[in-house]
Amino acid sequence: MVKICIVDTTFARVDMARHAIDVLLNLMPGARIVRRTVPGIKDIPVEIKRLMKKEDCDAGMVFGWVGRTLNDKISYGVYSLAMQLVQLELEKHIIDVTVHEDEAESEEELYRIAVDRARKHAENLYLLLYRPDVLTERAGTGRRQGYPDAGPITW
Amino acid sequence: MVKICIVDTTFARVDMARHAIDVLLNLMPGARIVRRTVPGIKDIPVEIKRLMKKEDCDAGMVFGWVGRTLNDKISYGVYSLAMQLVQLELEKHIIDVTVHEDEAESEEELYRIAVDRARKHAENLYLLLYRPDVLTERAGTGRRQGYPDAGPITW
Amino acid sequence: MVKICIVDTTFARVDMARHAIDVLLNLMPGARIVRRTVPGIKDIPVEIKRLMKKEDCDAGMVFGWVGRTLNDKISYGVYSLAMQLVQLELEKHIIDVTVHEDEAESEEELYRIAVDRARKHAENLYLLLYRPDVLTERAGTGRRQGYPDAGPITW
Amino acid sequence: MVKICIVDTTFARVDMARHAIDVLLNLMPGARIVRRTVPGIKDIPVEIKRLMKKEDCDAGMVFGWVGRTLNDKISYGVYSLAMQLVQLELEKHIIDVTVHEDEAESEEELYRIAVDRARKHAENLYLLLYRPDVLTERAGTGRRQGYPDAGPITW
Amino acid sequence: MVKICIVDTTFARVDMARHAIDVLLNLMPGARIVRRTVPGIKDIPVEIKRLMKKEDCDAGMVFGWVGRTLNDKISYGVYSLAMQLVQLELEKHIIDVTVHEDEAESEEELYRIAVDRARKHAENLYLLLYRPDVLTERAGTGRRQGYPDAGPITW
Numbered sequence: 110m111v112k113i114c115i116v117d118t119t120f121a122r123v124d125m126a127r128h129a130i131d132v133l134l135n136l137m138p139g140a141r142i143v144r145r146t147v148p149g150i151k152d153i154p155v156e157i158k159r160l161m162k163k164e165d166c167d168a169g170m171v172f173g174w175v176g177r178t179l180n181d182k183i184s185y186g187v188y189s190l191a192m193q194l195v196q197l198e199l200e201k202h203i204i205d206v207t208v209h210e211d212e213a214e215s216e217e218e219l220y221r222i223a224v225d226r227a228r229k230h231a232e233n234l235y236l237l238l239y240r241p242d243v244l245t246e247r248a249g250t251g252r253r254q255g256y257p258d259a260g261p262i263t264w
Numbered sequence: 110m111v112k113i114c115i116v117d118t119t120f121a122r123v124d125m126a127r128h129a130i131d132v133l134l135n136l137m138p139g140a141r142i143v144r145r146t147v148p149g150i151k152d153i154p155v156e157i158k159r160l161m162k163k164e165d166c167d168a169g170m171v172f173g174w175v176g177r178t179l180n181d182k183i184s185y186g187v188y189s190l191a192m193q194l195v196q197l198e199l200e201k202h203i204i205d206v207t208v209h210e211d212e213a214e215s216e217e218e219l220y221r222i223a224v225d226r227a228r229k230h231a232e233n234l235y236l237l238l239y240r241p242d243v244l245t246e247r248a249g250t251g252r253r254q255g256y257p258d259a260g261p262i263t264w
Numbered sequence: 110m111v112k113i114c115i116v117d118t119t120f121a122r123v124d125m126a127r128h129a130i131d132v133l134l135n136l137m138p139g140a141r142i143v144r145r146t147v148p149g150i151k152d153i154p155v156e157i158k159r160l161m162k163k164e165d166c167d168a169g170m171v172f173g174w175v176g177r178t179l180n181d182k183i184s185y186g187v188y189s190l191a192m193q194l195v196q197l198e199l200e201k202h203i204i205d206v207t208v209h210e211d212e213a214e215s216e217e218e219l220y221r222i223a224v225d226r227a228r229k230h231a232e233n234l235y236l237l238l239y240r241p242d243v244l245t246e247r248a249g250t251g252r253r254q255g256y257p258d259a260g261p262i263t264w
Numbered sequence: 110m111v112k113i114c115i116v117d118t119t120f121a122r123v124d125m126a127r128h129a130i131d132v133l134l135n136l137m138p139g140a141r142i143v144r145r146t147v148p149g150i151k152d153i154p155v156e157i158k159r160l161m162k163k164e165d166c167d168a169g170m171v172f173g174w175v176g177r178t179l180n181d182k183i184s185y186g187v188y189s190l191a192m193q194l195v196q197l198e199l200e201k202h203i204i205d206v207t208v209h210e211d212e213a214e215s216e217e218e219l220y221r222i223a224v225d226r227a228r229k230h231a232e233n234l235y236l237l238l239y240r241p242d243v244l245t246e247r248a249g250t251g252r253r254q255g256y257p258d259a260g261p262i263t264w
Numbered sequence: 110m111v112k113i114c115i116v117d118t119t120f121a122r123v124d125m126a127r128h129a130i131d132v133l134l135n136l137m138p139g140a141r142i143v144r145r146t147v148p149g150i151k152d153i154p155v156e157i158k159r160l161m162k163k164e165d166c167d168a169g170m171v172f173g174w175v176g177r178t179l180n181d182k183i184s185y186g187v188y189s190l191a192m193q194l195v196q197l198e199l200e201k202h203i204i205d206v207t208v209h210e211d212e213a214e215s216e217e218e219l220y221r222i223a224v225d226r227a228r229k230h231a232e233n234l235y236l237l238l239y240r241p242d243v244l245t246e247r248a249g250t251g252r253r254q255g256y257p258d259a260g261p262i263t264w
């Protein structure tokens, strides 16, 4: 039985984890999901590290939401690096689903990006765990999450 | 009995820790608070690390204040990353309440942001420690500290 | 027998690993190649670390692809630093072949850069492993991957 | 007897350490000062780490000087983060007195900033070691080093 | 007998190591130099770490060369931080001689900067190892490598 740890935030404006859990349980009906929520992205790394260790999860997903200011960008860089440190120490994949508010002009578009990114990355986590061969078939093919695929460049 | 370590600075222009302690003791009347003050944000990480270890605190709060220049922004990024390292090593939450001087034009507004952020994050720390279920209910609902809540996006 | 670990992404728009493997096997016919593919660059460091340890590879190659936005640039910096941490911990070379979409205006040019960089860095890995003397002969001579050599400056 | 390790640079244009030592010995007549000088800020972290360990200093002071270019800013960020790593590993305060050349237009003003910052931070180090109560009294009062105090914001 | 480890790149457009070795052997005729060359700056940290450990060098020098684009700047920051990590772990000085292509408009000027910086930093390494007293005499005197000395500011 696979076990997935999930941490999201009250700062985010879309409940991305709900969509990801939906996909995860559809692809891995026997999976066990453990979920925690923290205030903002700077609280995620320590929470997911503790949770992964305490619950002995096989992999994780985290859901970030980042504002438009320079301060937000700096915080994103810090958060993102901390997530690398957690993954390198635990030696387990923790897929980061982050939406940046400057990715879209309208709330509708942000919502669409958030849901699409959460669902596609949930599928990616499944592939990492059970079907690495499918990922290798897709190597260099310009897959995107939150946007339409860019596709491969061929000449 | 829960024990909370707090570190703030003489650089900050608002005594945010006082407001946070007020909320913490209101929500957790039996809590013990240990507080230290350092000159600026670059002195916080080592102080809170030492204090958390020496006092065996369950969680921490730190209060930063950041100027408007590029040098200040760089220092904030460095400080913020060091705070991630401390949390990851101790495996305990240390909520960062930082006010950036470019968040507002007037001193009055900066003051309001600082107090609101300190008080709301004190409540967040209580929720992390005692009511994680409430945080998960609020997942993806666009909560803000220092500003009005952005609210969830729904379509 | 030398063993090379390779990790690339489904995000990339060119299958650079294929070109690198072609060069590696041409220069080192007895080499064993182990390859994995992950969604994006933020998933590479933990994957190559796990793979290098599990497969006991002598060296590695990773293939990144980075978009044009500020968010992409931040992610690249984070990814790049994590790759340094992996190399420093394992004490083995892992050559990073990253293409940035702002390196060229046309897809044709991006494709040309990607293939040239992958092939030349595959040769570099061979030189690091078997012919360090050739690299020292080339010290300070302005070699480039993805572009024509800049050449040495002499006066 | 308290022991203070000091590292400064030949790059800096003001002998800030001399002023800091003057204040330190005035406030702590029995203190022992150990001082080393390195070429530039990138050489400081390893030197102060070695010195603090070898001399078993109780605390440290480092004196940086940073130019106006983007390259200088990047180097400052790197230096500053390395200083955090040293402090977190040694669990001792090392106050960073850094002057940025873009802080002032004239050499006279830069000189004044450098001396004032060095002297005030030397006093801060004394307070950290012997009078933490005084620092807490000053919490949130807008103290500055190199500039006049900003003062507290009150409403 | 002192032993110095050196790593440079094939990316650089000037053979700076040659000039540095010339100075090192002039100042320390009995020194033993061990030199390796890697493709670019991102390959330097792991190479110098391995070399310093394998050869048990007393100190090191690395020679970087950085292009003009934002991608180059990010890579420089990452490289520079990794070099801090190596020094802090080994607790030995490794002087970084890096030339940035945006430091000069003409190739002639870049060449002059590169050679001057390499030679002066080779002297600096000698002073760090054998004459720390001379460095302290020069504290705060505005020494530069690659440019004329800025000199001390005095009022």
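Chains as they are written, first to last, in the working numbering: chain Z, 110 to 264; chain V, 110 to 264; chain B, 110 to 264; chain W, 110 to 264; chain L, 110 to 264. All C-beta atoms in this analysis are idealised placements derived from N, C-alpha and C, irrespective of residue type, glycine included.
Given residue i as reference, the closest of the options once Cα atoms are compared
i	options	result
Phe120(V)	Arg240(V), Val175(V), Lys112(V), Arg252(V)	Val175(V)
Leu134(L)	Gly173(L), Thr178(L), Val111(L)	Val111(L)
Asp165(B)	Glu200(B), Val208(B), Gly186(B)	Glu200(B)
Arg144(Z)	Met137(Z), Tyr235(Z), Val171(Z), Asp258(Z)	Val171(Z)
Lys163(B)	Ser215(B), Asp131(B), Tyr256(B), Ile113(B)	Ile113(B)
Ile142(B)	Leu179(B), Asp167(B), Ala248(B)	Asp167(B)
Ile150(L)	Glu214(L), Tyr235(L), Arg122(L)	Arg122(L)
Ile157(B)	Asp117(B), Ser184(B), Met137(B), Gly139(B)	Asp117(B)
Ile115(V)	Ser184(V), Glu216(V), Ile204(V)	Ile204(V)
Thr178(W)	Glu212(W), Val155(W), Glu218(W)	Glu212(W)
Ser215(L)	Asp152(B), Ile262(B), Leu136(B), Gln193(B)	Ile262(B)
Glu198(W)	Gln254(V), Gly249(V), Val155(V)	Val155(V)
Met192(L)	Leu160(W), Ile153(W), Glu217(W)	Ile153(W)
Trp264(W)	Gly173(V), Pro148(V), Glu217(V)	Glu217(V)
Close Cβ partners of residue i (< 6 Å) along its chain, the five nearest in sequence each way excluded
i	result
Ala227(V)	Met125, His128, Ala129, Val206
Leu237(V)	His202
Leu136(W)	Tyr235
Where residue i meets chain L, residues with beta-carbon distance less than 8 Å
i	result
Asn180(B)	The contacting residues do not exist; Asn180(B) stays about 13 Å from chain L at best.
Residue i (DSSP reduced to helix, strand or coil)
i	result
Ala168(Z)	strand
Arg141(B)	strand
His209(Z)	strand
Lys158(B)	helix
Gly251(L)	coil
Val116(Z)	strand
Val111(B)	coil
Thr245(W)	helix
Ile204(W)	strand
Glu195(W)	The question names Glu, yet the displayed sequence has Val at residue 195(W). Correct three-state label for Val195(W): helix.
Gly186(W)	helix
Amino acids of chain V, ordered along the chain, whose beta-carbon sits closer than 7 Å to that of residue i
i	result
Ile157(W)	Simply none; closest approach about 13 Å.
Glu210(W)	Correct list: empty, because the minimum Cβ distance to chain V is about 10 Å.
Cβ neighbours of residue i in the same chain (closer than 7 Å, five flanking residues each side left out)
i	result
Asp258(L)	Gly251, Arg252
Asp181(V)	Val175
Contacts that residue i makes with chain L (C-beta to C-beta distance below 7 Å)
i	result
Val113(B)	The residue asked about is misnamed: residue 113(B) is Ile in this sequence, not Val. Chain L residues near Ile113(B): none, gap ~15 Å exceeds 7 Å.
Proximal chain B residues relative to residue i, where beta-carbon distance stays under 7 Å
i	result
Ala259(Z)	Arg122
Glu216(L)	Ile262
Glu265(Z)	There is simply no residue 265(Z) to check, as chain Z begins at 110 and stops at 264 in what is shown.
Cross-chain neighbours of residue i in chain Z, by beta carbon under 8 Å
i	result
Ile183(B)	Lys182, Tyr185, Gly186, Ser189
Pro241(V)	Arg145, Thr146
Asp205(V)	Lys151
Contact set between residue i and chain W, taken where Cβ atoms lie within less than 9 Å
i	result
Tyr220(V)	Ile262, Thr263, Trp264
Chain-order list of residues whose beta-carbon lies under 8 Å from that of residue i (same chain, five-residue window excluded)
i	result
Leu160(V)	Cys114, Val116, Val143, Arg145, Cys166, Gly169
Contact list for residue i against chain W, beta-carbon separation under 7 Å
i	result
Val195(V)	Leu197
Residue-level contact to chain C via CB, residue i, 9 Å cutoff
i	result
Met125(Z)	No chain C is present in this structure, whose protein chains are Z, V, B, W and L.
Closer than 8 Å at the beta carbon, the chain V residues around residue i
i	result
Pro154(Z)	Gln193, Gln196, Leu197
Proximal residues of chain L, C-beta to C-beta of residue i below 9 Å
i	result
Val131(W)	Checking the sequence shown, residue 131(W) turns out to be Asp, not Val. What Asp131(W) touches in chain L: nothing, since even the nearest Cβ is about 14 Å away.
Tell me, please, whether the segment 221-235 of chain L touches the segment 212-232 of chain W by the rule of three or more beta-carbon pairs shorter than 8 Å. no
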